[in-house]
């Protein structure tokens, strides 16, 4: 397989893990960006650039140390004692975010098709269970498969909503509600959103970096994946801004945009959201399970079953409430990881110059 195909596979899988938590429902984008009005575009670009840089550093550290989980990278970044504390805290939040994503799949099916939320959650859980029994290379292929479809669909939604909008961006921005944002500071929420995406992808991305055949594949694949994420954030934000009044009233704002294209398109997008959420749950659960078990062991399968059953029980808490509470906290944890990776990069650059 050519190097370009390997880079594309890496980039698509990376994007596939991030997008479920990053913006599939639109709730995340509207909270962290769109409700800042025109400043949302500055935030989206800033956050996307940070995702590119920190994602590259994450993949590099996985490639250098050939890790099986996020334990070693965290110990390298923070030292054994602090690293262990962050390790267990991070693992807890990874699992918690997986629960949020499973709840989101139920909320999506309920809003898009009128199907009970519990059914949507069960479907996601079953798909995740089957996928996590595969080997790592197959998991990467599955995660990357949906990314090209997502890019096309987001482009269609964005163009349609902008062309058919009754108002300009500046007029639509006047309806933005900054009180609905986590911190009411556009650049700070952009950084926190970067932290969220890094928190979501850190464990799986380090393992992907370790699994890559060559260091260059991990480095270039993570940059390409980050660029895709940047473009998708900007497009989704632009589309959401055109429907911001309606989008602020629902739990799945992206469905408002999809239905504006055509009701059938809205139904198709509901299915896509489940696929994107499934991607993120797979990435989070694999990283969580790989931290405590060997993926090829019997204990891995036992822990997988127990974890998914417990996750289902916790999905009965409302999706929006979970997002409002959990996302910012997990974002702060991701920011800490990002700062540590940036410091490591600066330190190595300085050492090279001194040598």
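Residue numbers (this note's numbering): 56 to 410. C-beta: ideal position from N, C-alpha, C; glycine also. Since this is a predicted model, take the numbers as computed values, not measurements.
If you run the structure through DSSP and keep just helix, strand and coil, what is residue i?
| i | result |
| --- | --- |
| residue 216 | helix |
| residue 223 | coil |
| residue 181 | helix |
| residue 231 | coil |
| residue 340 | helix |
| residue 282 | helix |
| residue 408 | helix |
| residue 244 | helix |
| residue 351 | coil |
| residue 304 | coil |
| residue 201 | coil |
| residue 88 | coil |
| residue 187 | coil |
| residue 127 | helix |
| residue 297 | helix |
| residue 80 | coil |
| residue 269 | coil |
| residue 311 | helix |
| residue 149 | helix |
| residue 61 | helix |
| residue 237 | coil |
| residue 249 | helix |
| residue 134 | coil |
| residue 383 | helix |
What I want to know is whether the C-beta of residue i ends up closer than 8 angstroms to one or more non-hydrogen atoms of the ligand HEM.
| i | result |
| --- | --- |
| residue 144 | With respect to the ligand HEM, the structure offers nothing, as it holds no ligand at all. |
Do you know whose CA, among the options, lies nearest residue i's CA?
| i | options | result |
| --- | --- | --- |
| residue 175 | 168, 183, 164, 327 | 164 |
| residue 343 | 96, 124, 66 | 124 |
| residue 371 | 313, 293, 173, 146 | 173 |
| residue 294 | 84, 131, 59 | 84 |
| residue 253 | 366, 149, 398 | 149 |
| residue 87 | 236, 285, 394 | 236 |
| residue 299 | 362, 232, 318, 269 | 232 |
| residue 66 | 100, 104, 75, 110 | 110 |
| residue 193 | 365, 58, 266, 105 | 266 |
| residue 157 | 122, 59, 330 | 330 |
| residue 60 | 116, 269, 113 | 269 |
| residue 315 | 341, 365, 217, 243 | 217 |
| residue 264 | 75, 141, 116, 365 | 116 |
| residue 100 | 244, 340, 321, 400 | 244 |
| residue 118 | 369, 259, 324 | 259 |
| residue 255 | 58, 184, 74 | 74 |
| residue 369 | 345, 282, 161, 249 | 161 |
Roughly how many whole angstroms lie between the Cα atoms of residue i and residue j?
| i | j | result |
| --- | --- | --- |
| residue 219 | residue 213 | 10 angstroms |
| residue 199 | residue 190 | 15 angstroms |
| residue 347 | residue 143 | 10 angstroms |
| residue 207 | residue 246 | 27 angstroms |
| residue 227 | residue 359 | 45 angstroms |
| residue 98 | residue 82 | 16 angstroms |
| residue 350 | residue 301 | 44 angstroms |
| residue 305 | residue 70 | 25 angstroms |
| residue 202 | residue 145 | 26 angstroms |
| residue 205 | residue 271 | 26 angstroms |
| residue 273 | residue 394 | 20 angstroms |
| residue 126 | residue 307 | 34 angstroms |
| residue 312 | residue 224 | 15 angstroms |
| residue 239 | residue 91 | 8 angstroms |
| residue 413 | residue 151 | Because residue 413 is not part of the residues shown, which for the chain are 56 to 410, the question remains open. |
| residue 169 | residue 309 | 16 angstroms |
| residue 141 | residue 397 | 17 angstroms |
| residue 112 | residue 401 | 11 angstroms |
| residue 361 | residue 135 | 29 angstroms |
| residue 318 | residue 354 | 45 angstroms |
| residue 128 | residue 229 | 44 angstroms |
| residue 139 | residue 341 | 19 angstroms |
| residue 215 | residue 241 | 27 angstroms |
For residue i and residue j, which I take to be in contact (beta-carbon distance under 8 angstroms), what is that distance rounded to the nearest angstrom?
| i | j | result |
| --- | --- | --- |
| residue 288 | residue 102 | 7 angstroms |
| residue 8 | residue 328 | It is not possible to answer for residue 8, since the shown part of the chain is limited to 56 through 410. |
| residue 335 | residue 72 | 6 angstroms |
| residue 93 | residue 278 | Not quite, the Cβ-Cβ distance comes to about 28 angstroms (not below 8 angstroms), so this is no contact. |
| residue 186 | residue 332 | About 13 angstroms separates the two Cβ atoms, so there is no contact after all. |
| residue 104 | residue 257 | Incorrect: roughly 18 angstroms between the Cβ atoms, too far for contact. |
| residue 292 | residue 95 | 5 angstroms |
| residue 209 | residue 296 | Not quite, the Cβ-Cβ distance comes to about 14 angstroms (not below 8 angstroms), so this is no contact. |
| residue 386 | residue 251 | 4 angstroms |
| residue 276 | residue 62 | 5 angstroms |
| residue 197 | residue 366 | Wrong, their Cβ atoms sit about 19 angstroms apart, outside the cutoff. |
| residue 408 | residue 195 | Not a contact, Cβ separation roughly 36 angstroms. |
| residue 399 | residue 132 | 6 angstroms |
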